[in-house]
Every structure is written in structure tokens, then in C-alpha cells.
Amino acid sequence: MSTQEIDPSGDAIITLRSSKAPFAVWEPRPAIKDLSADDPCGGSIEKTENKKMHEKELLLTTPEVDPDAGTVRFLVSSRHLTLASPMIKAMLSNSSGWSEAQKDGAGLYQIEAEGWDETAFTIVLDVLHCRYRKVPQTVELEMLAKIAVVVDYYQVHEAMVLASRTWLGSLKAAELQPTNLNRELCLWLTVASVFTEAEMFKSLTRVAMMQSWAGMKFPADLPIPSGVSSRIQTLRLYCVKLISRVLRGLSEDYVEGRRGCTFECTAMHLGVLTLKMGQLKIGNSIFMGLATLEELTNGLKEMKSPDWYDWRGNSHSCRAKTGSTASVANKVLDDLGYPVDGTLDTLATQLARSVTDMTGLELSDFVKARPGKETLLERLSRFDISGRPRMATMYDR
6 MSTQEIDPSG DAIITLRSSK APFAVWEPRP AIKDLSADDP CGGSIEKTEN KKMHEKELLL
66 TTPEVDPDAG TVRFLVSSRH LTLASPMIKA MLSNSSGWSE AQKDGAGLYQ IEAEGWDETA
126 FTIVLDVLHC RYRKVPQTVE LEMLAKIAVV VDYYQVHEAM VLASRTWLGS LKAAELQPTN
186 LNRELCLWLT VASVFTEAEM FKSLTRVAMM QSWAGMKFPA DLPIPSGVSS RIQTLRLYCV
246 KLISRVLRGL SEDYVEGRRG CTFECTAMHL GVLTLKMGQL KIGNSIFMGL ATLEELTNGL
306 KEMKSPDWYD WRGNSHSCRA KTGSTASVAN KVLDDLGYPV DGTLDTLATQ LARSVTDMTG
366 LELSDFVKAR PGKETLLERL SRFDISGRPR MATMYDR
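Just remember that the working numbering sits 5 ahead of the position in the sequence shown, which is counted from 1.
Structural data, given as C-alpha cells:
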């Protein structure tokens, strides 16, 4: 078992047992196939053999700790650790009752750590011990997410502010933020959550809101705030119900004679609306469960009012005007602040806008505010023990 001397005069040993499990496993949206023609609410999701295979893979990838392999020890300073980490400070407190609080025969604290990436863990320890020459100036997104996991667990956010800002600055300059809900977005969202990037968090959660589906979950091993996924699901369900309610309300308006000026006008508009509702699978629980808001709003934007001409060759343009208080569609659109009159495609576009105009989530709703200004610890970290500025040579090799 190898030992890394983070502090040659250290008084604590951290024994890290790394996990062999894959990091941040992402489960994509299930595929849909074979919608039954005679069962409008039927359909099936490919989950027979594929589901069995996936469950088998999950069992095979359950974190397992090998006591003889993937284990490394770090000689560290308990003073540095307790100053930076409230968790370790509590752990080593005499009143904690933890076994780690008692020194062994050699006068060393023995701290156990499990499951962290060795490289990420080493980088965090180097930063906490002010070994800046050992700290990389840039890291890839994958590594930064692994670092964020360690930072969040040990609650060392404040001590990592300077390094994380440098890494994030380089990463944002080199890579575009994802515009699709996938594993990469989850890694970015982890980084934004842990390192308090509020605008990035809002932007990423909006993408997740527009592209999520019922049952979507973020990888369990990422420290994305627990309420984010449920909030996204709640907003998605609200918007799906909103779209369904307005389209059904418009359909009822045409059937009940509250919209349309003539029989021909009403019949053609109702036909277009019924066709689009069928294409969007409005009322099909399986399809609506897996449909994304992006797909639904794109479908609404594609809706076109029918073009037709009377016997004189004059183009007919029905404004679909209704002042009826019985109109469900009117009430919903009015509550949202959108006009209730207009062509069918205009109304559909307004409905789509009511969804796409939504902003992402606020990070402050899920995590406590963390220091944004330079703290005492940050100021001290800018100087070495003799008082000379350290900033200029922080990352010198």
C-alpha cells in the first residue's frame, strides 16, 4: 500500500479505498415502439430484454471495495483539514465519539475514505495544504465533476474557491455548455451546484426542464441538490397538462360553436386541430409521459391554420374570435397574459411561448448562499508562511 506525503510532518493518515464502479452513470430516455392502432392509450416501452440487461448491468456495477487493490494512504495535516472542512473538524473532535478522534500508538489520526477518485482526492488535498505547484492549472469536465463530489462531501467549498474559479474559467472558455439533456449536462450541473455558478445553474436547468421526461433522474452519485429533479418534474407535468388542457379546450370551442364563423370554417379548423392533437399524442399517457416539452412546443409551432377560398375565390381568414366565458382555452390563455383571439396557428404559438418563456431554476432555492467575496481564508492563501505573495506563482511548475 503506497503512501503519499501531502504533509511530511503530518499527524493524520487518510486511507482511501477507491471504487471500481463507473462514475455518473446516465440513463437515457426509454424508446417507444408499437403504438396500438386500436388502443389510443396503448403502446409499449422497450423494457423486456433491455430492462433485464440494464438491471443486470446495474447489479454488476454496484460499488464494490477491494481491500487489497485501489487503496492508497495520505499523510496529511489535521490542522489544515479541520480548518477547511467542518465535517472533518467534527469528526476529529474529542466529543464526537468517532473512532477517528482517537490517535493511534504512533500519535496519528486514522481517517477512512471510500469511493472517491484518487486523482480528484489528491488534487483537493493539495489545495487544502497550499501545495499549489502540484495543483493543475486546468482540468477536464469529468475530473472537475469528480473534484466537486469530494468538495461537496467534505464541505470544503470555501477553501476551493480560488482553484475552482481558475478551472471553471478555463473550462468555460474551452467548451460550450451543453444544449441537450445528457450525461455531460449532469456533470456541468454538478459543477454549477457545488461551485455556486448561479447563472450556469439556471441555464442548465432550463435545458433539463425542456428536455426531461417522466421519471428522469440525475445520476445518484452526483451532488446535484435533491430537490432539483422533483422541481423539474413538477414543472414539466404542469406544462404538459397546460398544453393538453388548452388544446382540448380549443377543440370543445369548435364543437360547441364558440369558435369558427361558418360550418366549413369550423369543420376545417377542428380537423386541423384534431390532426395536430393526434400527432402530439394528446391523451396518450405513455407518449405524454415520455414526450419532452421541447417536442410538444415544436409541434405547436408547426400548427397551421387552413387556407381556403369561398365560391367567389376570396381567401377566408377566420380570427377564431370568441368572447365566451365558457371557453376553457380562453380562461387559461387569459390567465397566462396572452390574447385569446387570433388564428389557430397564432393561438398555438402563444401556447408554446407560455412554456418556452420559462426560465431555469434559481440555485439559491436549493443551496445556502456561499461566500462570493474574498474571505479571510482566501486572503491568507495568497501568501506563504513568510508573508510573500503567493498568487503570482500559484500554478508555476
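Virtual Cβ for every residue (Gly too), placed ideally from N, Cα, C.
Check: With a cut-off of 8 Å on the beta carbons, I'd call residue 81 and residue 11 a contact; round off their distance for me.; Outcome: 5 Å
Check: Starting from residue 156 and walking both ways along the alpha helix (DSSP H), at which residues does that stretch end?; Outcome: 146 to 159
Check: I need the DSSP call for residue 320, collapsed to helix, strand or coil.; Outcome: strand
Check: Tell me the rounded alpha-carbon separation between residue 34 and residue 295.; Outcome: 7 Å
Check: Which runs of the beta strand (DSSP E), 3 residues or longer, sit entirely within the segment 99 to 126?; Outcome: 114 to 119
Check: What did DSSP end up calling residue 138 once you bin it into helix, strand or coil?; Outcome: helix
Check: Between the Cα of residue 360 and those of 160, 246, 279, spot the shortest distance and give me the residue it belongs to.; Outcome: 246
Check: In the DSSP assignment, find the unbroken alpha helix (DSSP H) run with residue 9 in it and report its ends.; Outcome: Taken as a continuous stretch (DSSP letters only), residue 9 belongs to no alpha helix (DSSP H), being part of the beta strand (DSSP E) at 7 to 10.
Check: So the alpha helix (DSSP H) residue 403 belongs to, where does it begin and stop?; Outcome: Only positions 6 to 402 of the chain appear in the structure, and residue 403 is not among them; the question remains open.
Check: Would you identify the three-state DSSP class for residue 313, choosing helix, strand or coil?; Outcome: strand
Check: Check this for me: beta carbons of residue 286 and residue 350, under 8 Å apart or not?; Outcome: no
Check: How should residue 122 be labelled, buried or exposed, when 16 other C-beta atoms within 10 angstroms of its C-beta is the threshold for buried?; Outcome: buried
Check: Give a yes or no on whether the C-beta atoms belonging to residue 143 and residue 175 are separated by under 8 Å.; Outcome: yes
Check: Cα-Cα, which of 105, 214, 169 is closest to residue 298?; Outcome: 214
Check: So the candidates are 36, 270, 116; which of them puts its Cα closest to the Cα of residue 291?; Outcome: 36
Check: Considering only residues of the same chain and omitting the five flanking positions on each side of residue 87, which have a CB-CB separation below 7 Å?; Outcome: 93, 94, 97
Check: For residue 303, tell me which candidate among 162, 7, 229, 353 has the shortest Cα-Cα distance.; Outcome: 353
Check: Quick check on the DSSP output: the beta strand (DSSP E) that includes residue 78 runs from which residue to which?; Outcome: 76 to 81
Check: If you count every other CB in all the chains shown that lies within 10 Å of the CB of residue 79, and 16 or more means buried, which is it?; Outcome: buried
Check: So the candidates are 119, 102, 30, 248; which of them puts its Cα closest to the Cα of residue 19?; Outcome: 119
Check: Should residue 342 be labelled buried (16 or more other beta-carbon atoms within 10 Å of its own) or exposed?; Outcome: exposed
Check: Let me check understanding here. Comparing Cα to Cα, which of 30, 338, 7 lies closest to residue 21?; Outcome: 7
Check: How about the segment 146 to 160 and the segment 98 to 117: do they share at least three Cβ pairs that are nearer than 8 Å?; Outcome: no
Check: Who are the near neighbours of residue 244 in its chain, counting only those whose CB is closer than 6 Å to its CB and skipping five residues on each side?; Outcome: 298, 360
Check: If we call anything under 8 Å between Cβ atoms a contact, is residue 228 one with residue 29?; Outcome: no
Check: Residues in its own chain within less than 6 Å of residue 157 by CB, not counting five upstream and five downstream?; Outcome: 199, 228
Check: If residue 238 sits next to residue 208, beta carbons under 8 Å apart, how far is it from one beta carbon to the other, in whole angstroms?; Outcome: Contact doesn't hold; Cβ gap of about 19 Å is too wide.
Check: Output the distance between the C-alpha atoms of residue 146 and residue 193, rounded to the nearest integer angstrom.; Outcome: 7 Å
Check: What residues match up with residue 21 in a beta bridge as DSSP calls it?; Outcome: 77, 118
Check: Can you give the Cα-Cα distance for residue 13 and residue 136, rounded to whole angstroms?; Outcome: 12 Å
Check: Could you give the DSSP three-state label for residue 183: helix, strand or coil?; Outcome: coil
Check: Hey, residue 161 and residue 129 are a contact pair by Cβ (cut 8 Å); roughly how many whole angstroms apart?; Outcome: 7 Å
Check: Here's a check: name, in chain order, each residue in its chain whose Cβ is nearer than 8 Å to the Cβ of residue 183, leaving out the five neighbours to either side.; Outcome: 189, 190, 193, 209, 212
Check: Mapping the DSSP letters down to three states, classify residue 189 as helix, strand or coil.; Outcome: helix
Check: Measuring straight from C-alpha to C-alpha, what distance separates residue 83 and residue 91?; Outcome: 12 Å
Check: DSSP state of residue 88, grouped into three classes?; Outcome: helix
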